[in-house]
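What follows is a short report on a single structure.
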Amino acid sequence: MLEEVIVSSRPDRVIRKKLKNPGDYTIVPYEDSRCKIKITNLACTNHLGKCEIEPESKVFSTNFDGNVLIGDSDFFIDKDFELILQQMCSGETCEVNMVYRDGSGELVKEISCDVELKEVTEEQLISDWSWERLMEASIHHKEKGVELVKEKRILDAFRRFSKALKMVVAIEPIDPEIIDEEKAVAITDLKVKLYNNLAHCQLQYNEYEAALDLCNRAIKYDPENVKALYRRSLAYTGLEMYVEAWADIQRVLQITPAEKAAVQQSRHLKPIIDRINEDYSSVVKKMFS
36 MLEEVIVSSR
46 PDRVIRKKLK
56 NPGDYTIVPY
66 EDSRCKIKIT
76 NLACTNHLGK
86 CEIEPESKVF
96 STNFDGNVLI
106 GDSDFFIDKD
116 FELILQQMCS
126 GETCEVNMVY
136 RDGSGELVKE
146 ISCDVELKEV
156 TEEQLISDWS
166 WERLMEASIH
176 HKEKGVELVK
186 EKRILDAFRR
196 FSKALKMVVA
206 IEPIDPEIID
216 EEKAVAITDL
226 KVKLYNNLAH
236 CQLQYNEYEA
246 ALDLCNRAIK
256 YDPENVKALY
266 RRSLAYTGLE
276 MYVEAWADIQ
286 RVLQITPAEK
296 AAVQQSRHLK
306 PIIDRINEDY
316 SSVVKKMFS
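Under our numbering, think of the first position of the sequence shown as 36, with each following residue one higher.
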């Protein structure tokens, strides 16, 4: 009898696997492990019958080359599939079942297949990585995140930027005997870009306090950073801190007078600031009349 395991469960989806052939339990994929897999007997159905898997999935695409890097997927089905791999052993074969339902409980998609984990390339733990490798990985995730922003996949982009930032932070504290000043500046510049990118993502969901904190972190390293000042102005505006928002956007316009987005933000804030100043003047007049 096959042993069934629930890999992950929540109201809208359940992921299961059944062991067919055991593998080497001493070799298990984890974050950043490289896996060579083989997928057979693939089927996908919904409440109407046979259906297609979304083209965004790389694992279930027709041109999939059989290689998976754990933690490097962006589409939700592929990320769920990674959860299965992380509960498999090298050499193991299992039956996979991934069921997705909508809010009313109706079947949206059911994916079933056999998976053979043919090979696992054991990687060092991130804590043992060199600073060069951490930097390379951070840049990789940042660039992937930028691509996802262009596709308007903000949540997936946020995840990439967060992972990139984790890699940069793992380099600290910077040892001047190993990392020269020029490279240290590049590391700081990358960190500032990631704070800015994360702030952009937070602003898309009106998370103004989180965006403000991220902009402050960027400005701490680069006080004249135009993107951070502009996005902090947007965050202040969302928090109705208009005086602070006005100060930031005026600073942006001092640095880059022709910046269209900054000009538009300034025009938006101008009547609000004028009204605040008029109200203040009125109060002062009443006090001394």
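The beta-carbon is built from N, C-alpha and C at its ideal position, and this holds for glycine as well.
Bear in mind the structure is a predicted one, so any value in this text is a computation, not a measurement.
Check                                                                                                       : Outcome
Selection from 305, 47, 110, 167 that minimises the alpha carbon distance to residue 138                    : 47
Cβ pair count under 8 Å reaching 3, the stretch 88-96 against the stretch 154-168                           : no
Neighbour-count burial assignment, residue 247, 16 or more Cβ in a 10 Å radius                              : buried
Residue environment, residue 36, which counts as buried when at least 16 other CB atoms sit within 10 Å     : A caution first: residue 36 carries a pLDDT of 48, below 50, which makes its placement in the model too unreliable to give a value.
Simplified DSSP assignment, three categories, for residue 126                                               : coil
Backbone secondary structure at residue 197 - three-state DSSP                                              : helix
Beta-carbon proximity check, residue 152 vs residue 123, cutoff 8 Å                                         : yes
Continuous beta strand (DSSP E) stretch holding residue 146: start and end                                  : 142-156
Alpha-carbon to alpha-carbon, residue 250 and residue 135                                                   : 37 Å
Reduced DSSP category for residue 102 - H, G, I as helix; E, B as strand; rest coil                         : strand
The stretch 304-313 / the stretch 278-287 touching (three or more Cβ pairs under 8 Å)                       : yes
Bridge-paired residues (DSSP) for residue 79                                                                : 146
Local Cβ density within 10 Å of residue 243, reported as buried at 16 or more and exposed below that        : buried
Touching by the beta-carbon criterion (3+ pairs, under 8 Å), the stretch 50-62 and the stretch 70-87        : no
Cβ neighbours of residue 106 in the same chain (closer than 6 Å, five flanking residues each side left out) : 66, 67
Residue 15 to residue 194 span [Cα, whole Å]                                                                : Any answer about residue 15 is impossible in this case: the structure gives the chain only from 36 up to 324.
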